[in-house]
Amino acid sequence: MQEQLLEKAKKVLEKNWQDGFTIPCEGLYPFQWNWDSGFIALGWAHIDMEKAKSELRYLLSGQWSNGFLPHIIFHNEAETYFPGPEVHNSSLSPFASRLKTSGITQPPVLGFVLEEVYEISEQSELPFVEELYDRVFMNHSYFYENRDPHNEGLVYICHNWEAGTDNTPVWDEIWKDLDSPEYQLERRDTKHVDASNRPSNREYQHYIHLIELFKEWKYDDALIAQKCPFLIQDPLFNAMLIRSNESLIRLGTLLHKEDAVRQLEAWNKKAKKSFQTKLYDPALKAYIYFNLRAGKPMKFVSSSSFASLFAGIPSKKEATEIANKYFRNGSFSGKNSAYLLCASFNPESTNFDPKRYWRGPVWINLNWIIYHGFKRYDLEDLADQIKADTLFLLEKYGFYEYFDPRRAVHQQLDAGYGGNNFSWSAALYIDLLKNANV
Ligand code: DGY
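For the sequence shown, our numbering begins at 1346 and goes up steadily by one.
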C-alpha cells in the first residue's frame, strides 16, 4: 500500500513539475509559491536531488535586491489564477526582481529546508548549501532590518497571505474594522474548488485592498510599518524564522561563515526571548498572536501556536503542559477525541469550520511541522499519533490540499478538500515515510 502510494506521490510531483520548479496544484495555483517550494524540495530531495536543487534555485531567482523573497514567482503565464502579476505590480518597488513576482512574502522555511536537503543528501550537498547560503541569510537580514520596528527580535507580517494561514478566524477582528471597497473581483479559485471550502468574497476584498495600499506606497517597508492596518506578529511565521536561523547557524558553522553565525545567534537569542515573553499566554498555556497595529495580543489558539515546538521555544515543562492541555486531554485531541490531528483552528471555538480552508481543516505541512516539534520534545506518543493521523488521511483520500479533522465524518467521506494532486501533500508524504527519524 505504502509503496503504491509513494509511486503516486512521485507522479504528483512529476506532473506538477514545470522545467525547473513545481507548481502547488494544477489550475488552482499555477505558478511557483514560496513556502510550497520549500516543502516540495524536501520530497524531491528523496527521489531526484537535482530537481530539489533546481526548485530552490528557481525560488531564489525571484529574490529582490533588498533580500525580500516574494510569495509567488510568476515564471510562467497562466489564466487560471487571481490575483496575477498585474494586480501585484511589484515593479513599483525600487528593489523588485526583474522577474514578475508578488510583493508580499510567506513563512521563511528555506533555512531549515536547506539543512534537511543537506541531511537527505547524506551531507554530500555542502557546495549547494554554500551556493544558496548568503541569499537565505540576506532574506533573514531583510526581516530583522525592515520588519521589526521595536527591535524585539519578532518580525511582523502585513498581509494575511504572508501568514500562510490565509483565512484563519484570527483575522476576523481585523476585517471587521476595515472599510475595504467592494471591488468586483474575478475569483478563479472558486472555479476550481467548492466555494464553501474557500475564503468568502468579502474576505477577498480585504486581501486585495491591502495589496492596493501597498502599491500606493510602492511597497515601501517604512510606510507599511507606519500605516498598514494589518500588522501582526504571527507565531507560525516567527517560529519558522527562528527554526531557520538555527539551521543557518549549524550550516554557517560548517561553511566557516563566522560573521553570519554570530549575527544569527544574536538574532535568535533575542527572538526566542521575545517569543516567550510576548507571545506566550500563561493562562491559556499557549502561544498566541500580537496585533502590532492595535498594540494588543490576539488570544487565539491555532495550529500555528504549536509551531513553537518545532522552533524549540517552550521549556520542557511548558511543552508538557501544552501536550497535556491541548493534545492528551484537550480540544485538539485527547483520549476519546472527536478530532484527528491537527485541526488548524481550535475545534472548541465558535469560529471553527471543519471544511473551510484555514478555519479548521488539517493541513499536511502543519502536521509535518508539529510532528517534528513533538519529536524535538520527546513527546513520542503525540508524534506517533500525528503521524498515524496524517498517513490515514493521505492513504484514504490521496494528496488533497486539506482534510476534515472530524474523526466521525471519515466513515462517509470519500475525498479531501481543496485542490487534488497537491504538491506539498505528496512531497511531505514522501519525506514522512523516508525520513521519519530526522
Ligand atoms: C491563495 O491564492 O489562496 C493563496 O494561498 C495565496 O497565496
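Yeah, the Cβ is synthetic: ideal placement off N, Cα and C, and Gly gets one too. Note that this is a predicted model, so its numbers are computed, not measured.
1. Taking 6 Å as the cut-off, is the C-beta of residue 1708 nearer than that to any heavy atom in the ligand DGY?
2. Quick one: which unbroken alpha helix (DSSP H) runs of 4-plus residues sit fully inside the region 1523-1598? Chain order, please.
3. Please report the distance separating the alpha-carbon of residue 1783 from that of residue 1476.
4. I'd like to check one pair, residue 1588 with residue 1655: are the Cβ atoms closer than 7 Å?
5. My assumption, with CB atoms under 8 Å, is that residue 1597 sits in contact with residue 1605. Please give the rounded CB distance.
6. Can you tell me which of 1429, 1465 and 1427 puts its alpha carbon nearest to the alpha carbon of residue 1395?
7. Taking buried to mean at least 16 other C-beta atoms within 10 Å of its own C-beta, is residue 1467 buried or exposed?
8. Which residue or residues does DSSP assign as beta-bridge partners of residue 1418?
9. Considering residue 1618, what are the terminal residues of the beta strand (DSSP E) in which it resides?
10. Are residue 1400 and residue 1423 close, meaning C-beta to C-beta below 7 Å?
11. At 4 residues or longer, what runs of the alpha helix (DSSP H) sit wholly inside the region 1649-1674?
12. Do you know how far the Cα of residue 1507 is from the Cα of residue 1431?
13. Quick one, which of 1640, 1416, 1425 and 1566 has its alpha-carbon nearest residue 1531's?
14. For residue 1346, does the three-state DSSP call read helix, strand or coil?
15. DSSP three-state call for residue 1362: helix, strand or coil?
16. Consider the C-beta atom of residue 1539 and the heavy atoms of the ligand DGY; say whether any pair is separated by less than 6 Å.
17. Is residue 1380 near the ligand DGY, going by C-beta to nearest heavy atom under 6 Å?
18. Counting Cβ pairs, one atom from each stretch, are 3 or more of them under 8 Å apart for the region 1435-1454 and the region 1553-1573?
19. Which residues does DSSP pair with residue 1370 in a beta bridge?
20. Quick check on residue 1740: buried or exposed, where buried means 16 or more other Cβ atoms within 10 Å of its Cβ?
21. When the Cα of residue 1690 is compared with those of 1649, 1667, 1728 and 1683, which residue comes out closest?
Well, looking at it:
1. no
2. 1534-1537, 1546-1561 and 1566-1572
3. For residue 1783, the pLDDT reaches just 43, beneath the cut-off of 50, and the residue's location in the model is therefore unreliable, although a value from the coordinates is still provided. Looking at the two C-alpha atoms, the distance is approximately 23 Å.
4. In this structure, residue 1588 lies closer than 7 Å to residue 1655 by Cβ.
5. 5 Å
6. Across the set 1429, 1465 and 1427, the C-alpha of 1465 shows the shortest separation from the C-alpha of residue 1395.
7. exposed
8. 1377 and 1446
9. That residue, residue 1618, is in no beta strand (DSSP E); its alpha helix (DSSP H) goes 1603-1624.
10. no
11. 1652-1655 and 1661-1667
12. 19 Å
13. 1425
14. In the three-state reduction of the DSSP assignment, residue 1346 falls in the coil class.
15. strand
16. No, Cβ of residue 1539 sits at least 6 Å from all heavy atoms of the ligand DGY.
17. no
18. Under the Cβ criterion (8 Å, minimum of three pairs), the region 1435-1454 counts as touching the region 1553-1573.
19. 1374
20. exposed
21. 1649
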